[in-house]
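Chains as they are written, first to last, in the working numbering: chain A, 5 to 330; chain B, 30 to 376. Each residue gets a CB set at the ideal place from its N, CA and C atoms; glycine is no exception.
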């Protein structure tokens with residue numbers, strides 16, 4: 005094994021030796037970061053620039069030079085409505101519905117996500133037997149692929165599945181969980197929390213364990229009630245981690261795609277169609293690939309993400325200031 | 030309620046808040062694992078058993094017997110006749126509520142039985158054929174190979190180029206170094222979902238659509254990896270490098286003979302993350318690989334769940350095979366992953 009590794013790495017020796025002689029040691033750094041920069045340049049920075057080109061050109065050609073310039077037409081198509089209080093009157097009502105769904109989903113999911121991961125972290129932070137095991141229990145679904153997660157739940161929720169069997173056993177009639185709009189939405193929220201909660205629990209648990217024990221001892225000496233200790237010590241000291249969790253969860257929730265795509269396919273109708281799925285469908289899945297429209301929609305998404313990041317910066321600064329003044 | 034939320038130091042005796050905590054944990058255990066367990070048990074059900082309603086947890090299948098005079102094995106029922114005699118009989122055919130049945134011992138004599146007077150005889154049977162057949166019928170081996178190839182090659186490349194960058198950013202001082210580091214970290218802010226269309230164009234231009242390399246290359250440079258490795262390499266003392274330079278070791282040699290072995294723990298964490306990212310990747314493969322011979326496991330599962338709506342027994346077996354590697358990673362390497370997440374805050 006080490007022989008093979010040695011052979012492999014020695015392949016590059018002449019190139020780097022030559023460069024070292026030509027450039028000198030410190031400028032050799034550029035050569036070391038070059039592969040990374042090339043990949044980032046090709047697949048991240050260049051695409052950002054091209055995205056703008058796509059968003060301002062029309063037609064169905066993939067090559068930017070073959071695409072006629074259309075200015076803000078794509079944005080117009082996306083955003084235009086005859087009556088802004090009625091989604092039905094919009095030219096791309098699916099886009100508006102996707103935005104509305106995404107906002108609704110993110111708000112509900114993130115609140116529940118924070119509540120449940122906080123609760124779980126608080127329980128795991130207690131003196132319990134087998135903490136490592138219990139932590140693993142909540143973490144396991146985080147590792148599963150979104151497709152697998154979706155298939156697990158699809159199997160449980162299908163019309164002949166175990167949930168309906170339970171309903172029938174209880175004397176009620178079966179429910180089409182994934183093809184009834186409000187139930188499909190509920191399960192999308194539930195499954196995404198099920199799959200990702202362990203990750204946020206871990207971040208919060210790390211924060212809880214960093215709180216000095218003396219704080220709690222002092223509170224106990226002062227005879228503070230448990231509720232007061234939670235309000236006055238645990239939560240304020242956990243605030244930086246809570247903000248990280250809040251923002252990470254929000255940024256991820258806005259970009260939800262994989263699980264939902266496999267679980268409900270965005271349906272029934274467009275009840276669980278979210279913004280990334282709209283981009284995917286417009287640009288890649290439908291008969292005519294409207295790259296320009298998809299790119300314009302991704303810029304709208306990017307704008308939303310930038311806003312969220314700015315809010316994060318604000319919150320972090322506010323919380324830091326709060327920490328200092330205390 | 031509030032007591033159990035905050036108390037961190039237990040007393041010798043269990044009080045009610047402890048009981049509540051354990052109750053929460055047990056409910057959590059059930060919620061997190063029962064769905065997976067149900068899936069795994071279901072994947073061992075035969076095609077007939079899987080469509081049964083209500084479903085059973087264990088893979089029970091109706092027993093079938095070979096009766097002389099009939100080509101196919103006949104399903105077995107426990108029947109009760111007018112005299113109250115109970116015995117097993119095989120069903121030949123069924124019309125409405127009446128079934129024509131034979132006693133396997135006396136195959137010549139057919140009896141008509143009301144379906145109210147019989148219950149199926151079930152036996153526990155693990156249908157391993159679900160697992161063997163998917164390799165023959167659906168080219169599942171090919172998809173498995175594609176996934177393994179992408180995961181292994183991408184992880185090796187990820188380790189190589191990110192450790193090179195981290196080495197330069199932690200051990201060198203060159204002009205523009207700060208800018209480079211900031212640029213790399215800034216890519217954390219750019220989620221792949223918003224640059225899908227242009228990435229598709231770039232891959233098309235360089236001819237990597239419908240190629241496994243088209244999935245591997247766009248993501249081998251990762252800001253998370255650079256950050257993780259750089260932070261670790263900063264802790265390696267510079268004196269080691271100076272000593273090696275005294276011995277006229279080339280910079281490249283210093284990188285791979287000294288720095289890489291010393292950064293092994295951080296490399297291990299990044300390797301685990303990379304394996305998980307690649308094995309579970311979905312959106313990028315979905316747009317890059319449209320021809321089925323290049324499908325990864327995730328893409329194959331997605332395609333099948335659309336087509337094989339009636340063939341859950343195959344779909345579930347495929348799902349189980351897909352989750353096995355990740356479950357092994359979880360079982361043996363959980364500690365590395367959790368420390369990685371706690372220290373870098375990444376998934």
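message = Taking only three categories from DSSP, how would you classify residue 151(B)?
response = strand
So with CB distances below 7 Å, who are the chain A contacts of residue 194(B)? 36, 37, 40
In whole angstroms, give me the CA-to-CA distance for residue 64(B) and residue 97(B).
43 Å
> Where does the unbroken beta strand (DSSP E) through residue 88(A) begin, and where does it stop?
Replying inline: No beta strand (DSSP E) contains residue 88(A), which DSSP labels as neither H nor E.
Q) Rounded to a whole number of angstroms, what is the C-alpha to C-alpha distance between residue 152(B) and residue 105(A)? A) 47 Å
**Report entry** Proximity winner among 106(B), 52(B), 161(B), relative to residue 115(B) (alpha-carbon distances)
**Finding:** 106(B)
Worksheet item: With respect to 8 Å, is the separation between the Cβ of residue 30(A) and the closest non-hydrogen atom of the ligand FMN below this value?
Response: What this structure holds is no ligand at all, so the ligand FMN is not there to describe.
Check: Given that residue 305(B) touches chain A, what residues does it touch there, using C-beta distances under 7 Å?
Finding: 147
*asked:* Alpha carbons only, please: which of 136(A), 29(A), 50(A), 13(A) is nearest the one belonging to residue 271(B)?
replied: 29(A)
Residue 207(B) CB to nearest chain A CB: under 9 Å?
no
>> Cutting at 8 Å between CB atoms, please list the residues of its own chain near residue 100(A), excluding the five before and the five after it.
In response: 85, 91, 94
Backbone CA spacing between residue 245(B) and residue 170(B) [nearest angstrom]: 20 Å
query: CB-CB under 8 Å to residue 122(B), same chain, minus the five flanking residues each way: which ones, in chain order?
result: 128, 129
- When 206(B), 264(B), 274(B) are compared against residue 294(B), the one with the closest alpha-carbon: 264(B)
- Roughly how many angstroms separate the alpha carbons of residue 228(B) and residue 224(A), rounded to a whole number? 57 Å
* Assigned secondary structure, residue 93(B) (DSSP; H/G/I helix, E/B strand, else coil) -> strand
- Going along chain B in order, which residues have a C-beta closer than 8 Å to the C-beta of residue 55(A)? 223, 224, 226, 227
Check: Roughly how many angstroms separate the alpha carbons of residue 269(B) and residue 213(B), rounded to a whole number?
Finding: 27 Å
The beta strand (DSSP E) with residue 131(B) in it runs from where to where? 127-132
*Excluding the five sequence neighbours on either side, which residues of its own chain have a C-beta within less than 6 Å of the C-beta of residue 329(B), listed in chain order?*
172
- Message: Assuming contact is defined by CB atoms lying nearer than 9 Å, are residue 326(B) and residue 175(B) in contact in what I supplied?
- Response: yes
Checklist line | Simplified DSSP assignment, three categories, for residue 71(A) | finding: coil
*How about residue 352(B) and residue 149(A): are their beta carbons less than 9 Å apart?*
yes
Checklist line | Span of the beta strand (DSSP E) around residue 122(B) | finding: 115-124
Checklist entry - What are the boundary residues of the alpha helix (DSSP H) that residue 12(B) is part of? => result With chain B covering only 30 through 376, there is no way to say anything about residue 12(B).
Q) Which residue comes first and which comes last in the alpha helix (DSSP H) that contains residue 146(A)? A) 135-147
task = List the DSSP bridge partners of residue 61(A).
result = 73(A)
request  = Just the chain A side, please: which residues come within less than 7 Å of residue 202(B) by C-beta, in chain order?
outcome  = 30
Checklist entry - How big is the Cα-Cα spacing for residue 110(B) and residue 143(A)? => result 55 Å
>> Is the separation between the beta-carbon of residue 163(A) and that of residue 264(A) shorter than 9 Å?
In response: no
ask   = Can you name the residues that DSSP bridges to residue 143(B)?
value = 127(B)
Item to check | Span of the alpha helix (DSSP H) around residue 327(B) | outcome: 326-336
| said: So if I threshold CB-CB distances at 8 Å, which residues from the region 287-303 of chain A count as touching chain B? | reply: 287, 288, 295, 298, 299, 302, 303
Quick check on residue 284(B) - is its C-beta less than 9 Å from some C-beta in chain A? yes
(Q) Please state whether the Cβ-Cβ distance between residue 25(A) and residue 203(B) is less than 9 Å. (A) no
Report task. Determine the contact status of residue 219(A) and residue 146(A), defining contact as a CB-CB distance below 9 Å. Result -> no
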